[in-house]
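In the numbering used here, the protein residues as written are 20 to 874.
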């Protein structure tokens, strides 16, 4: 076997470099994208887990409130420190603060370092060996990692933060040593004393969490029980590892979505390998027949052909893995931006790295895809008749006349299986099953390409003959003879177009749904909010007392406000709480969004704190309905209120609970708001009112004032930024498409060299031959575009109505992306036509005598 590969296969690959290059390109492009996605996902997930672990130091348990933004009272520390088995209880702030002198944001970590034990407990070690606790208790002091605030960081001696009351300048009194756990947890970190951090953030005596360090002989579960007893309801006690794993689990469905689309590029590569191997079998009929005649078994020939593909795929996979590492640096930022918008969290990631595991997955995926593409055409040689093959007779490899019918049947079975799996996806609420359904659908409609192209060739011949004469007739006949090969190029093009339409349909539907919701939900003349955000579109909360000041501004007719608290826990779900003022909870704002319940009565009950509303998404995931009693954990205990109605809401990917501001303030002990909405008095232009509001706020650069259109434009920009990553996926699918078209045209030309030469010898001009080849290419292009539009439209519809709910959370309305679909089809057609033009031009101008001697 090895001798066959070393003496025959390597020579064949050297003699047909273009065919080898096409196989290489198809597999390399797919492996590149899949590897980049895996590296980015792994980088983000590992950073979440490692950061939670390293920032915890010796902490064994952490006390947190159920909401992501909700803080805990520092006054709880003494009671928790007295629980049996607790050595130390430490209040901690771990948050993000904007820098005052540039748009970047700074992560800060704070604890009460007047307790000398804490610096050692968190592994804070400084360059030079200075005592960090002694330095940090000085007013206005901070220590930093080497990358904090600027580069080169060691030369920076201060940090200017945009605090709650204005700019705060901190003196950097030390740098964390490289071996310090905090330095390993975050490359860009400031460490402050708790009092200093509370002053910067404008907080009362609250913290993000309370860390619990255990006595050496304490049992973690018994201590956890004791902490719950001391705390009462409304808190969670978790390990640092559990927090990291929980956040990684939350983003898992999004990451699997990106990975699923990455797999499509590798699926397209399978069809390129299939086409190239099929062409190789036909072109090498005589040599393969000779091998059979001298005693090589059919199994050895199959193994040789597959072995050739494995050699190419191994090289392609290695290069693809390295290229995937290279593009992961750029893709990482795009993916993190998308996740920040969805989850309201500033995601970070470790430096992308290609470890042994990721490299092994890349090689295995590329090689498996190549074998899957090569094995079917290689198996056809089992039916080879050696004598006929040596004589190069047409039936040297017997044709399978039922192939098209079987492929059509298989495509129908897969399509029906995908459709039948959707009810199970809905019942089990399974993102994994959604992935399987999506990929199965793509494979089904790609398999449909072979019978579709064969059918098209028989129907299009008369049309081409009438419209284009003899050149059109010859082109149609050639497509009919090589329907299987042509179908592979059609399938690659259809897959690229369908994927782009799917992406665009999902994005466009989401954008249109959000735009309509925001336009009504934020229907005010001016919106006042913080100028800072931890991630995505949601700004940091601001004090509610700003409402009283703004209400006194001349020209303000009405003032509304709402608070959005993400990260609230409801059983196993991570939801949001939306608290709105009484005037905001009116039928004019919420009435049109009701899907269950009577708006006037339901909203009246919510305003009177007698009920709540829930979003359609939350109802879908929890099967709650109007009339049920919602039991929601809060820092003050469990809130129990009936559900008065269900509405459409896009403020959270896993659903939201809508209640009045007074109920929220009572149960969450929080008087902050996310946005303040101002309605101008009749006859007062919004720009005049903006001027008065801005003048009243004075130099408050931490607040911004926007009109209605600016709010909508901001949301749209955030959305567009979050979907930039899809451009990378589309690029690689276009590369595979071009590869498929080139392979189809080159294979067709290579097999017909003698035929084309005879046509030249009998009077055909190079222009006519080129025209025949380009007509074939354009028929394939139009067939691919048609299949891509149909398949992509159905795929986008399925994603919007089913899959997106389990991957991304939201329930959105379907809007077909007409503009994007037209652009995608135009670009794909131009790229494919350009890819076909070069081999067509060379074939038409090849020397006649050399071509006639070709075998």
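Just so it is clear, CB atoms sit at the ideal spot from N, CA and C, and this is done for glycine as well.
Residues sharing a beta bridge with residue i, DSSP
i	result
residue 116	125
residue 652	657
residue 726	545
residue 193	162
residue 83	255
residue 953	For residue 953 there is no data in the structure shown, the boundaries of the chain being 20 and 874.
residue 111	130 and 228
residue 594	587
residue 599	581 and 679
residue 691	562
residue 208	126
Host beta strand (DSSP E) of residue i (start-end)
i	result
residue 660	656–666
residue 182	177–182
residue 13	In the structure displayed, the chain extends from 20 to 874; residue 13 sits before or after that span and is not available.
residue 376	Per DSSP, residue 376 belongs to no beta strand (DSSP E); it is in the alpha helix (DSSP H), 375–398.
residue 551	Counting along the chain, residue 551 falls outside any beta strand (DSSP E), and DSSP gives it neither H nor E.
residue 699	694–699
residue 631	631–634
Other residues of its chain near residue i: CB distance less than 7 Å, five sequence neighbours each side excluded
i	result
residue 420	The predicted position of residue 420 is uncertain, since its pLDDT is 47 and thus under 50; no value can be drawn from it.
residue 369	62, 65 and 66
residue 78	230, 231, 232 and 259
residue 448	640 and 825
residue 225	90, 91, 92 and 93
residue 628	679, 681 and 682
residue 98	249
residue 336	46, 50, 381, 382, 385 and 386
Pick from the options that is closest to residue i, judged by C-alpha positions
i	options	result
residue 331	296, 317 and 346	296
residue 463	435, 454 and 449	435
residue 442	456, 429 and 432	456
residue 879	551, 512 and 697	Past the edges of the chain, shown from 20 to 874, lies residue 879, and the structure says nothing about it.
residue 577	583, 512, 568 and 585	568
residue 549	582, 521 and 522	582
residue 267	440, 358, 728 and 564	358
residue 285	387, 798 and 506	387
residue 727	350, 708, 493 and 715	708
residue 517	839, 47 and 152	839
residue 185	801, 721 and 730	721
residue 44	389, 76, 241 and 72	389
residue 131	400, 214 and 450	214
residue 675	649, 656 and 684	649
residue 374	400, 344 and 366	344
residue 156	166, 211, 82 and 128	211
residue 547	481, 706 and 724	724
Extent of the continuous alpha helix (DSSP H) run through residue i
i	result
residue 581	Unbroken run through residue 581 is the beta strand (DSSP E), 575–589; no alpha helix (DSSP H).
residue 69	36–74
residue 615	No alpha helix (DSSP H) holds residue 615; the beta strand (DSSP E) holding it covers 613–615.
residue 458	450–466
residue 242	239–250
residue 621	618–626
residue 707	705–716
residue 364	Premise fails: residue 364 is in no alpha helix (DSSP H) and is neither H nor E.
residue 24	Neither: residue 24 is in no alpha helix (DSSP H) and is coded neither H nor E.
residue 787	785–817
Chain-order list of residues whose beta-carbon lies under 8 Å from that of residue i (same chain, five-residue window excluded)
i	result
residue 672	361, 362, 636, 827, 828 and 829
residue 816	524 and 833
residue 69	203, 204, 263 and 369
residue 220	112, 114, 116, 182 and 183
Contact test: residue i Cβ vs the ligand HEM heavy atom, cutoff 7 Å
i	result
residue 443	With respect to the ligand HEM, the structure offers nothing, as it holds no ligand at all.
Contacting residues, own chain, Cβ-Cβ under 6 Å from residue i (five flanking each side not counted)
i	result
residue 100	108
residue 624	630 and 663
residue 417	Any reading at residue 417 is ruled out, since the residue's pLDDT is 48, under 50, leaving its predicted position unreliable.
residue 427	470
residue 530	738
residue 799	505, 508 and 509
residue 39	32 and 331
>> Under 8 Å, with one C-beta from each stretch per pair, do the region 288–303 and the region 376–396 reach the 3-pair mark?
In response: yes
>> Contact between the region 691–699 and the region 609–619 is defined here as three or more beta-carbon pairs at a separation below 8 Å; is this criterion met?
In response: no
> Counting pairs of Cβ atoms below 8 Å between the region 152–167 and the region 184–195, do you hit three or more?
Replying inline: yes
>> I want to know whether the region 46–56 touches the region 339–353 - three or more CB-CB distances under 8 Å.
In response: yes
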